[in-house]
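S.K.: Shown below is the structure under consideration.
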Amino acid sequence: MLAHNAQVTRNIAAIRSDVDAAKSQEDLIALVQRVEQHKGPLDYSDNWYRFFCAISLFFALLPIAFELGLVVPDFVMQILSGALRYSVVWYPMLVLATLTRYFEDKGKRLPIPGPIWGRMLLMAAVGAGLNLIPQWPYWYWDLYFDSLASFLGFWYPSSGFAAHNGVVGVLMLFWLRGRMKWRNKLSDNIFLKDALFNNNLEAVPFEGKKLAKELEASFREFKRGNDLREIQSLYKSTYQGDIHQFDYQLYRFHYVIKRTETTTDANGKTTTRTVRDHYYRHGVLLDFPFASDMSIASDFGIKRRGERYKSASNAFNRQYRVYAKEPMTAARLLSPAIEEKLTVFAQGLKKPVLEFSNQGRLCVAVTDDLLAVKRVHGLDNPKAFAEELAGHTELKQMKQMLGLVHEMMRYSDNNFKVSA
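Following our numbering, the numbering of the sequence shown begins with 6 at its first residue and continues without gaps.
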């Protein structure tokens with residue numbers, strides 16, 4: 006029979022699998038309703054891990070408390086000193102008991118019958134038995150904790166013990182928080198998938214780094230960063246306007262700027278480290294036959310190709326810089342009505358860029374996340390969450406972007422007809 010936490014892990018994995026397999030809004034609503042009536046356990050029993058985390062953080066923060074001037078009675082100091090001195094006995098017991106519990110939660114148990122606490126006690130006894138090895142105190146204090154303290158620039162093995170527990174305690178704190186809040190992330194995934202269904206967006210298979218390199222050949226928008234460049238998500242859909250209909254792809258682009266950072270401490274020691282800053286851009290890709298080889302950019306950080314074009318509108322010029330291989334192309338596209346709409350667009354979204362390739366393709370990109378959706382409810386309240394999913398989630402910023410593209414097509418089409 007699986008341990009309680011192993012059952013919880015299996016049940017959550019089954020729910021995640023159902024989310025991935027959902028093909029419609031109705032599937033998602035039915036899934037949430039099943040969660041409401043779920044018979045198996047869905048909450049982890051992590052009291053033991055919380056106890057271990059609390060002990061780790063206590064001994065990690067204790068030296069800091071003393072440095073800050075914490076005053077405690079003598080008998081308390083004796084207890085704390087004794088606990089630290091005899092950690093060579095109790096700490097291996099605690100670690101082995103915790104590891105036994107962890108592996109059992111993963112479905113890997115010792116081949117010993119009986120309840121889980123019996124196997125934990127057995128491994129705790131093994132931890133205590135390590136002290137029967139004459140070299141154990143040396144391995145414990147000198148070989149590990151003293152070496153760790155020296156590596157970190159401290160003098161005493163107890164500092165190494167504190168640093169070790171600080172790392173373990175913080176890692177466990179984040180791990181426990183993730184286990185306790187698993188409904189939040191899964192609720193976000195469900196709500197996002199519902200938004201994709203509502204807006205007829207279908208995931209497209211792709212290779213992230215390869216696609217980014219292909220797009221970079223056509224658009225300078227993707228020539229950002231000096232390290233990693235990748236497309237992280239890609240969806241396709243069709244926009245149906247009053248006059249024009251067009252297919253488009255919605256993407257999320259991730260790029261990294263790598264730099265070196267040099268710092269000097271109080272002793273004059275200089276340290277250099279590599280820092281990677283992560284950035285994201287979001288946008289749409291589509292065919293646009295009315296212009297080519299030009300860019301309209303409110304993000305001035307990338308060098309553009311072509312000749313600079315300036316509009317008669319000061320408001321537009323403050324928002325955008327326009328470059329075109331043929332200035333007449335920009336003049337024909339940027340009618341006063343389009344310039345006004347672009348100006349309003351730049352006031353609502355961050356750093357918009359419209360780039361027209363020489364293959365008749367258009368990329369419209371912004372810093373805002375076009376798939377950012379906020380839910381009110383989640384799997385912690387399945388009934389209300391199901392009712393929320395039954396409504397329509399509108400992607401307002403994406404709608405605004407597609408509406409701008411449609412207006413550009415409409416005015417460009419009229420200009421073309423007039424010229425003809």
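For each residue, glycine too, the CB sits at the ideal point set by N, CA and C.
Model, not experiment: these values are computed from the prediction.
I need the boundaries of the alpha helix (DSSP H) containing F108, first residue and last residue.
M.R.: Against the sequence shown, residue 108 aligns to sequence position 103. Residues 92-110.
S.K.: Runs of 3 residues minimum, wholly inside the region 249-299: which ones carry the beta strand (DSSP E) assignment?
M.R.: If we require 3 residues or more, the beta strand (DSSP E) runs fully inside the region 249-299 come out as 250-269, 275-292.
S.K.: Quick one: what's Y54 bridged to in DSSP?
M.R.: The sequence position of residue 54 within the sequence shown is 49, counting from 1. DSSP lists no partner for Y54.
S.K.: Give me, in chain order, the residues of the same chain whose beta-carbon lies closer than 8 Å to that of P68; leave out the 5 immediate sequence neighbours on both sides.
M.R.: Position 63 of the sequence shown, counted from the start, is the residue given in the question as residue 68. These residues qualify, in order along the chain: S163, S164, A167.
S.K.: Are the region 409-419 and the region 379-394 in contact at 8 Å, needing three or more beta carbon pairs?
M.R.: As far as the Cβ criterion goes, the region 409-419 does not touch the region 379-394, which means the pair count is below three.
S.K.: Short of 6 Å in beta carbon distance, which residues of its chain neighbour A142, apart from the five on each side in sequence? Order them along the chain.
M.R.: Position 137 of the sequence shown, counting from 1, holds the residue named residue 142. Sequence inspection shows Pro at residue 142; the Ala mentioned does not correspond to that position. Excluding positions up to five away in sequence, the list reads V93.
S.K.: Closest by CA to L99, which one among F57, E345, Q324?
M.R.: Numbered from 1 along the sequence shown, position 94 holds the residue referred to as residue 99. Residue F57 is the option with its Cα nearest to L99.
S.K.: So the candidates are L66, A217, E393, Y416; which of them puts its Cα closest to the Cα of I248?
M.R.: Stepping through the sequence shown from its first residue, residue 248 is reached at position 243. Answer by Cα proximity: Y416.
S.K.: Go ahead and pull the three-state DSSP assignment for F227.
M.R.: If you number the sequence shown from 1, residue 227 lands on position 222. It is helical.
S.K.: Which value, in whole angstroms, describes the spacing of the CA atoms of E266 and K274?
M.R.: The sequence position of residue 266 within the sequence shown is 261, counting from 1. The sequence position of residue 274 within the sequence shown is 269, counting from 1. Approximately 14 Å, taken between the alpha carbons.
S.K.: Which residues mark the beginning and the end of the beta strand (DSSP E) in which R234 is found?
M.R.: In the sequence shown, counting from the first residue as 1, residue 234 sits at position 229. It spans 234-245 - the beta strand (DSSP E) in which R234 sits, taken as one unbroken run.
S.K.: For the alpha helix (DSSP H) holding L181, just list the boundary residues, first then last.
M.R.: Counting from one through the sequence shown, the residue named residue 181 turns up at place 176. 162-185 is the span of the alpha helix (DSSP H), which, as asked, contains L181.
S.K.: Thinking just about the alpha-carbon of each residue, which of A27, Q254, I138 is nearest to the one in P210?
M.R.: The count along the sequence shown starts at 1 and reaches residue 210 at position 205. Answer by Cα proximity: Q254.
S.K.: Whole angstroms is fine: what's the gap from V131's alpha carbon to Y96's?
M.R.: Taking the first residue of the sequence shown as position 1, residue 131 is located at position 126. Taking the first residue of the sequence shown as position 1, residue 96 is located at position 91. Those two C-alpha atoms are separated by around 12 Å.
S.K.: With F361 as the anchor, note down where its beta strand (DSSP E) starts and where it stops.
M.R.: Residue mapping note: residue 361 aligns to position 356 of the sequence shown, counting from 1. Counting along the chain, the beta strand (DSSP E) containing F361 begins and ends at 358-361.
S.K.: Assign A425 to one of three DSSP states: helix, strand, or coil.
M.R.: Stepping through the sequence shown from its first residue, residue 425 is reached at position 420. Caution is warranted here: a pLDDT of 33 is assigned to A425, below 50, making its placement in the model unreliable, and the coordinate value is therefore given only provisionally. Coil at A425, not helix or strand.
S.K.: Tell me whether the region 290-299 and the region 335-345 touch, counting them as touching only if at least three CB pairs, one residue from each stretch, are closer than 8 Å.
M.R.: Touching, per the Cβ criterion.
S.K.: What residue range is occupied by the uninterrupted alpha helix (DSSP H) comprising R337?
M.R.: By one-based count along the sequence shown, residue 337 stands at place 332. Where R337 is concerned, the enclosing alpha helix (DSSP H) stretches over 332-338.
S.K.: Which first and last residues belong to the beta strand (DSSP E) in which L367 is found?
M.R.: Taking the sequence shown and counting its residues from 1, the one referred to as residue 367 is at position 362. Note, L367: beta strand (DSSP E), 366-371.
S.K.: Taking just the CA atoms, how far does L127 sit from V173?
M.R.: For this step, residue 173 is matched to residue 168 along the sequence shown. For this step, residue 127 is matched to residue 122 along the sequence shown. Between V173 and L127, the C-alpha separation is close to 23 Å.
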